[in-house]
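Notes to accompany the following structure.
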Amino acid sequence: MHRNTLIQVTQNGMGNGSEELGLKLATNYFKLLDAENRLPKIIVFYNAGVKLICEDSPALEGLKNLANKGVSMLACKTCLDYFNLLDKVKVGNVGSMPDIITLQADADKVINL
197 MHRNTLIQVT QNGMGNGSEE LGLKLATNYF KLLDAENRLP KIIVFYNAGV
247 KLICEDSPAL EGLKNLANKG VSMLACKTCL DYFNLLDKVK VGNVGSMPDI
297 ITLQADADKV INL
């Protein structure tokens, strides 16, 4: 069962500091969510966070597994355009900032990564 939890990812990894470590942490985080069956209802990606759903992302496998279990994913089209990644998306859907605002408002819980 999916709790009405929304996770928002705003950077290409987790935490501040080393980008390499941040990517490792995000990759592990999504694998553990899958392995422990702690499924949010939706994950939204904006700013550099959109890079995680694109080809060559180390987090892609875990994110695809979550999507296969019914977790919805939405990435900001403006952000994908900014990073020239619109044609590199490998999981989830592309949406707008109003879509993200609506999903945030409808969530019972919002987790920021």
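Every number in the numbering used here is 196 more than the matching position in the sequence shown, counting from 1.
Each residue gets a CB set at the ideal place from its N, CA and C atoms; glycine is no exception.
C-alpha distance - residue i paired with residue j, whole-angstrom precision
| i | j | result |
| --- | --- | --- |
| K273 | E232 | 30 Å |
| A244 | E215 | 11 Å |
Where the alpha helix (DSSP H) through residue i begins and ends
| i | result |
| --- | --- |
| H294 | In the sequence as displayed, the identity of residue 294 is Pro instead of His. Residues M293 to D302. |
Buried or exposed by the 16-neighbour rule on C-beta atoms within 10 Å, applied to residue i
| i | result |
| --- | --- |
| E251 | exposed |
Delimiting residues of the beta strand (DSSP E) encompassing residue i
| i | result |
| --- | --- |
| L202 | R199 to V205 |
| C272 | S268 to C272 |
| N261 | Looking at the DSSP string, N261 is not in any beta strand (DSSP E); the run it does join, the alpha helix (DSSP H), is L256 to N264. |
| N280 | No beta strand (DSSP E) holds N280; DSSP gives it neither H nor E. |
Assigned secondary structure, residue i (DSSP; H/G/I helix, E/B strand, else coil)
| i | result |
| --- | --- |
| N208 | coil |
| F226 | helix |
| N289 | strand |
| N243 | helix |
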